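Remember, this note's numbering sits 230 above the position in the sequence shown when you count from 1.
C-beta atoms are modelled at their ideal positions from N, C-alpha and C, and glycine is treated no differently.
Bear in mind the structure is a predicted one, so any value in this text is a computation, not a measurement.
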Amino acid sequence: MKACLLHSPAKIETNPLDYTDVPDPLPERGEVLVRVGACGVCRTDLHVVEGELRPRKSPVIPGHQIVGRIEKLGPEVSHLRVGDRVGIPWLHHTCGVCEYCRAGKENLCNAPTYTGYTVDGGYAEYTTAPEGFVYPIPESLTDEQAAPLLCAGIIGFRSLRLSGIEPGGSLGLYGFGAAGHLAIQVARHWNVAVYVMTRDTRHQKLAREMGAVWVGGTVDEPPAKLDAVIVFAPAGEIVPAALKALKKGGTLALGGIYMSPIPALNYNLLYQERVLRSVTNNTRQDGKDFLRLAAEIPVHTEIEVFPLREANRALNLLKNDAIRGAAVLQVS
Ligand SMILES: [Zn+2]
Ligand SMILES: [Zn+2]
Numbered sequence: 231m232k233a234c235l236l237h238s239p240a241k242i243e244t245n246p247l248d249y250t251d252v253p254d255p256l257p258e259r260g261e262v263l264v265r266v267g268a269c270g271v272c273r274t275d276l277h278v279v280e281g282e283l284r285p286r287k288s289p290v291i292p293g294h295q296i297v298g299r300i301e302k303l304g305p306e307v308s309h310l311r312v313g314d315r316v317g318i319p320w321l322h323h324t325c326g327v328c329e330y331c332r333a334g335k336e337n338l339c340n341a342p343t344y345t346g347y348t349v350d351g352g353y354a355e356y357t358t359a360p361e362g363f364v365y366p367i368p369e370s371l372t373d374e375q376a377a378p379l380l381c382a383g384i385i386g387f388r389s390l391r392l393s394g395i396e397p398g399g400s401l402g403l404y405g406f407g408a409a410g411h412l413a414i415q416v417a418r419h420w421n422v423a424v425y426v427m428t429r430d431t432r433h434q435k436l437a438r439e440m441g442a443v444w445v446g447g448t449v450d451e452p453p454a455k456l457d458a459v460i461v462f463a464p465a466g467e468i469v470p471a472a473l474k475a476l477k478k479g480g481t482l483a484l485g486g487i488y489m490s491p492i493p494a495l496n497y498n499l500l501y502q503e504r505v506l507r508s509v510t511n512n513t514r515q516d517g518k519d520f521l522r523l524a525a526e527i528p529v530h531t532e533i534e535v536f537p538l539r540e541a542n543r544a545l546n547l548l549k550n551d552a553i554r555g556a557a558v559l560q561v562s
């Protein structure tokens, strides 16, 4: 099959993904073989490619927002059929027995595997996944439209949950890429007033079009204090500005898997019971809840589509904030 292989991490400007032929994967016990239709491009892929996340498999095929159809069942697959359309997310597998899994917090599992990082992902014509960790995809969405829901959408949704935002409240979003443009739709569905802070003028324009009540630059102070704030941008220097935008008792949720160092904070930015917390992966329940809600709203994904062989180009554009909405690789 054709796949984009990362042999070793390097700056994306050097185009390190190698579009080449590799053997087709085989589904193991409990796994399905999926013919990939589309794979979303996530900022986490950039962190894998550039080595900000420590390499865990080499070479590796990135990509963890995969939509496709089941082509073959491995032994002992019981609930899925050949031809089913499924989505494969970042959380590839959890152990099911550690204290976190047993407590319903499988996103914090002690022995997880991750799609496109510790196991091969979806920048390829075929991939495999355990049957218990794939999602059914609503037929109303094309593969390309559905792919960004699988990480940008679900993580955005979990970030909203952990931010404690309630209907009628006010919310700040720092960064307005794939996750931001999906989270704003859920927030507006909940009748939340959304303030967007982002450096890129194209992203500012999209935020206005999508109903933000106020849009500013990355460290511009919004005109009102906010009930909750989510930072999607991977820049630690945003954290003090984001805390400053919060009301007393408000929560700042950090939605990324990687962030540059956070500068020293004055305690008065945190005092008055403000909460600073990260968002780590998601549970399968988050995924099911979000996909149901996304179909109900219905959520609209802004996408820019690239052929599989142009994964380097898509990631270069993503790094430069030059994607409107989400980038998606069209595979078959
Ligand atoms: Zn576990
Ligand atoms: Zn992701």
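Under the three-state reduction of DSSP, which class applies to residue i: helix, strand or coil?
i: D457; result: strand
i: H411; result: helix
i: P536; result: First, the amino acid is wrong: residue 536 is Phe here, not Pro. In this structure, F536 counts as strand in the three-state DSSP scheme.
i: I296; result: strand
i: A376; result: helix
i: R315; result: strand
i: D251; result: strand
i: Y365; result: strand
i: P360; result: strand
i: K435; result: helix
i: F406; result: coil
i: A441; result: Before going further, note that residue 441 is Gly rather than Ala in the sequence given. Here G441 sits in coil by DSSP.
i: G334; result: coil
i: Y501; result: coil
i: P257; result: coil
i: H309; result: coil
i: R284; result: coil
i: G517; result: helix
i: E451; result: coil
i: P470; result: helix
i: N245; result: coil
i: R554; result: coil
i: L547; result: helix
i: L276; result: helix
i: V416; result: helix
Sort out for me which residues DSSP pairs residue i with in a bridge.
i: L401; result: V424, A458
i: S508; result: L484
i: H323; result: T343
i: C269; result: I296, L559
i: K302; result: L263
i: V349; result: T345
i: V290; result: L236
i: G446; result: M427
i: A354; result: A233
i: L392; result: Paired residue(s): none; L392 is not in a bridge.
i: L476; result: L456
Any idea if residue i is buried or exposed, counting beta-carbon neighbours within 10 angstroms, 16 or more meaning buried?
i: N511; result: buried
i: E366; result: Looking at the sequence provided, one finds Pro at residue 366 rather than Glu. Exposed is the call here.
i: H309; result: exposed
i: I553; result: buried
i: E336; result: buried
i: P253; result: exposed
i: N550; result: exposed
i: E261; result: buried
i: Q415; result: buried
i: Y497; result: exposed
i: G346; result: buried
i: E439; result: exposed
i: T431; result: exposed
i: T358; result: buried
i: G270; result: buried
Which same chain residues, not among the five before or five after residue i, have their C-beta less than 6 Å away from its C-beta?
i: P342; result: T324
i: A458; result: S393, G394, I395, L401, G480, T481
i: V349; result: H322, T343
i: V364; result: V316, I318
i: G399; result: V422, D457
i: H530; result: none
i: R388; result: V509, N512, D516
i: A376; result: V297, I367
i: L547; result: I553
i: I492; result: G466, V469
Between residue i and the rest of its own chain, which residues show a CB-CB distance below 8 Å, the 5 nearest in sequence each way excluded?
i: A465; result: T448, M489, S490
i: K435; result: none
i: K241; result: E280
Using a Cβ-Cβ distance under 8 Å, would residue i count as near chain D?
i: D516; result: The question asks about chain D, but that chain is absent: this structure has only one protein chain.
Does the beta-carbon of residue i, which I'm using as the reference point, lie nearer than 7 Å to any heavy atom of ligand 4?
i: L379; result: Summarising the ligand content, the structure contains ligand 1 and ligand 2 and does not contain ligand 4.
Please list, in chain order, all residues of the same chain as residue i whose beta carbon is under 7 Å from its beta carbon, the five residues on each side excluded.
i: S508; result: L484
i: K477; result: K455, L456, D457
i: I384; result: P319, N512, D516, G517, F520
i: N245; result: N542
i: R259; result: G304, P305, E306
i: P257; result: L263, K302, L303, G304, T358
Closer than 6 Å to ligand 2: residues, by C-beta to nearest heavy atom, in chain order: C272, T274, H294, W320, C381
List in chain order the residues whose CB is within less than 5 Å of at least one heavy atom of ligand 1. T324, C325, C328, C331, C339
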